[in-house]
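Down below is the structure, laid out as structure tokens.
Number of protein chains: 2
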Amino acid sequence: MRAAVFNEPGSITVADRPDPVITQPTDAIVRVVLSGVCGSDLWYYRGDSPFEPGPIGHELIGVVEEIGAEVRKIKRGDFVISPFAFSDGTCPHCRHGITSACSAGGFYPSNGDGGQGEGVRVPLADGTLVPVPGSGHADETMASLLTLSDVLATGHHAAVCADVKPGGVVAVVGDGAVGLSGILAAVRIGAERLIVLSRNPVRQELAREFGATDIVEGRGEEAIEAVRQLTRGVGADAVMECVGTAQAMQTATSIARPGSIVGYVGVPHEIELPIGDMFLRNVGVRGGSAPVRAYIEELLPDVLEGRINPGRVFDFTTDLEGVGEAYAAMNERRAIKSLLHVGTV
Amino acid sequence: MRAAVFNEPGSITVADRPDPVITQPTDAIVRVVLSGVCGSDLWYYRGDSPFEPGPIGHELIGVVEEIGAEVRKIKRGDFVISPFAFSDGTCPHCRHGITSACSAGGFYPSNGDGGQGEGVRVPLADGTLVPVPGSGHADETMASLLTLSDVLATGHHAAVCADVKPGGVVAVVGDGAVGLSGILAAVRIGAERLIVLSRNPVRQELAREFGATDIVEGRGEEAIEAVRQLTRGVGADAVMECVGTAQAMQTATSIARPGSIVGYVGVPHEIELPIGDMFLRNVGVRGGSAPVRAYIEELLPDVLEGRINPGRVFDFTTDLEGVGEAYAAMNERRAIKSLLHVGTV
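Protein sequences appear in the order of chains A and B.
For the first sequence, our numbering assigns the number 2 to the initial residue and increments by one for each residue that follows.
For the second sequence, our numbering assigns the number 2 to the initial residue and increments by one for each residue that follows.
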């Protein structure tokens, strides 16, 4: 099959790779229909985080082609969403709702395949995959379904971790696809006011479409001051940190009101949490890899029924052979997020 | 009046100080009956945190002697608990329940008096002080009422921040008075299993009296391994960090199960939060100076009706002139916590 491979920072190409095969009786083989490029993939592309040469990518939806002997719920022909983490659904962490910490689990490409390729072996298929009801979904619904494999669920995790409540004032640090998804998630929960930090006109427009009520263009101290003014000196009831840099976290903890929590989902890079200030102001932090699998049932109906359109974060579309350009467009901030048309349903 | 003064690390003596007087119309003057020595006072005593020479202490109960012209709720003769933080009860932070972040507030001895003295000026008296109903309370009830000025409410804050739930498995790092109070607080909320890290037989005994179900004697990696074994590899549902050192926090985050929160109330000293591990394992941290004032109404009936006996943490009693020895006993770990009999009701 054809699949994207990471060669070295700055170089993602498409190569011939072995077709995935069932190796465990709980595996399924999924033929990929749509795949996405994640902000976390860019950390590797930029050389900011180490990554082994080989397959890459972890956002995908597709069709089940084959199942192992012990797979009971997932059937051949199912159109499925694959979360970026594999999970058995039965261990204490899965039952506690933290499927990304599954005792038996793992992450792409520890299975041997990356999500940016024609096919993947999915371990723990019954626990991991979620069949999508219906068929013949419109292109925009398909793009939105793809966001359930990571970015929408990750934005939702930020909102859950930040304890976003109906009627609350929420601040979102980060106008990337995760931050934008976080806006949708917070609006879904019922946030009344949504302050979004963004200096990019295209992203500001989508943020407003998703429900942002206030845009703050400054960075650092300027942004902190602006949010304080917008909240009459109080700070936000909940803050979502969707970047993962030291400055973003510093801003996030500073604009959080006493007693609130910063929900963070950007993979942290060289962040030192300001524990002295956090203690003085009673500001907590909570986050991590989203337990995507645990959130899909809750989010899927809103996507299928068109109440939210998270697929709008994809503003660059190509096919698998164009994957290098898909990364470059995001890296150069020409695109918010890239979509790969890999196969057909 | 006579009052304790901090001279320099290792030296707390009693000196003549000016009697407190009303300086603001919202002030009250309280004659101190009982005062306590806090673990946070020891940071100054040991020279681990800077402290200006002068009055010290912030845990007290006493009788209102005088009130300012604008004090409406508090009356002369009221027997009151004074939280360690002053709060107006009307600002956004107070209304949000974080009275320790009151916009108009402050902390002893910013008012000019410390809690370890014969009298104090209490700013924002109507917002800060809580009258205790009844009279002629037994000595043990009096000691327990004193814990409502800080240590019991601080332990409760750790439990609230850690999101302790009925039926849960809770781990407590720290067997000092705060950790012990945290046990009481978690039991009150309904925790089913309470794993307490302690290597001191006297404290272990009190921990068990308060409701600890398991004692772990190791430190560091040994303690982490022991808690993992006790929880079948899962970790605790909620962790309370009641020390404030790097090792205690490291242990606390390591024994917290994925999806849980470490509630921390020990003033942090040279702690660097392990954000990479916290992210990977979805472990949050939340804490700070306890909003004591906001918790007293909830905790007071349990103290008055004897359902909990937090005053048991005081195992060294002296009078105001003995304050130096009260600090020394705690510093040398001869005492869990010291009580000063300063006046009579």
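From the three backbone atoms N, C-alpha and C, an ideal C-beta is built for every residue, glycine too.
Does Ile216(B) come out as helix, strand or coil in the three-state DSSP assignment? strand
Can you pull the chain A neighbours of Gln273(B), defined as C-beta to C-beta under 7 angstroms? Inspection of the sequence shows that residue 273(B) is occupied by Glu rather than by Gln. Result: Glu273.
Put Ala336(A) into one of helix, strand or coil per three-state DSSP. coil
On the CB-based measure, 16 or more other CB atoms within 10 Å of its CB, does Ala16(B) come out buried or exposed? exposed
Interface positions of the segment 95-123 of chain B facing chain A (Cβ-Cβ less than 8 angstroms), listed along the chain: His97, Gly98, Ile99, Ser101, Ala102, Ser104
Pull the bridge partners of Tyr265(A) from the DSSP assignment, please. Glu242(A), Gly288(A)
Specify the secondary structure class of Asp273(A) as computed by DSSP and reduced to three states. Checking the displayed sequence, the identity of residue 273(A) turns out to be Glu instead of Asp. DSSP places Glu273(A) in coil when its eight states are reduced to three.
Within its chain, find whatever has a CB closer than 7 angstroms to the CB of Gln25(A); leave out the 5 residues flanking it on each side and keep chain order. Gly69, Pro124
According to DSSP, simplified to helix, strand and coil, what is Val38(A)? coil
With distances taken between CB atoms, is the gap from Leu149(B) to Ile82(B) smaller than 7 angstroms? yes
Between the CA atoms of Asp303(A) and Glu298(B) - distance to the nearest angstrom: 42 angstroms
Buried or exposed for Gly11(A), going by 16 or more other Cβ atoms inside 10 Å? exposed
Report buried or exposed for Arg204(A), applying the criterion of at least 16 other Cβ atoms within 10 angstroms of its Cβ. buried
Interface residues of chain B facing Arg258(A) [CB-CB closer than 9 angstroms]: Pro93, His94, His97, Ile99, Ala102
Going along chain B in order, which residues have a C-beta closer than 8 angstroms to the C-beta of Leu281(A)? Gly289, Ser290
Any idea if Thr14(B) is buried or exposed, counting beta-carbon neighbours within 10 angstroms, 16 or more meaning buried? exposed
Below 9 angstroms on C-beta distance, what does Cys162(B) contact in chain A? Asn283, Gly285
Contact set between Ile262(B) and chain A, taken where Cβ atoms lie within less than 8 angstroms: Gly285, Arg287
Taking Cβ positions, are Ile262(B) and Arg287(B) nearer each other than 7 angstroms? yes
Is DSSP giving Pro93(A) helix, strand or coil here? helix
Applying the 10 Å Cβ sphere with the 16-neighbour rule, what's the burial state of Pro311(B)? buried
Could you give the first and the last residue of the continuous alpha helix (DSSP H) run that contains Glu104(A)? The question names Glu, but residue 104(A) is Ser in the sequence shown. Counting along the chain, Ser104(A) falls outside any alpha helix (DSSP H), and DSSP gives it neither H nor E.
Closer than 7 angstroms to chain A by CB, Val235(B): yes
Residues of its chain near Lys166(A), where Cβ-Cβ distance is below 6 angstroms and the 5 sequence neighbours each way are ignored: none
When you compare only the Cα positions, how much space is there between Thr129(A) and Gly156(A)? 19 angstroms
Cβ neighbour criterion (16 or more within 10 Å) applied to Asn8(A): exposed
Alpha-carbon to alpha-carbon, Leu153(A) and Ala213(A): 16 angstroms
Length at least 3, wholly inside the segment 47-87 of chain A: the beta strand (DSSP E) runs in chain order: 60-68, 80-83
DSSP-derived helix/strand/coil call for Ala160(B): helix
Of the choices Ala187(A), Val161(A), Gly234(A), Ser182(A), whose alpha-carbon is the least far from that of Gly168(A)? Ala187(A)
Determine whether the beta carbon atoms of Val22(B) and Leu61(B) lie at a separation below 7 angstroms. no
Of all the options Lys338(B), Pro93(B), Leu274(B), which has the alpha carbon lying nearest to the alpha carbon of Asp42(B)? Lys338(B)
Min CB distance Ile276(B) to chain A below 7 angstroms: yes
Is Gly245(A) near Gly221(A), with beta carbons less than 7 angstroms apart? no
Given a limit of 8 angstroms on CB to CB distance, which residues of the segment 161-185 of chain A reach chain B? Cys162
Taking Cβ to Cβ, would you say Gly260(B) is nearer than 7 angstroms to Asn283(B)? yes
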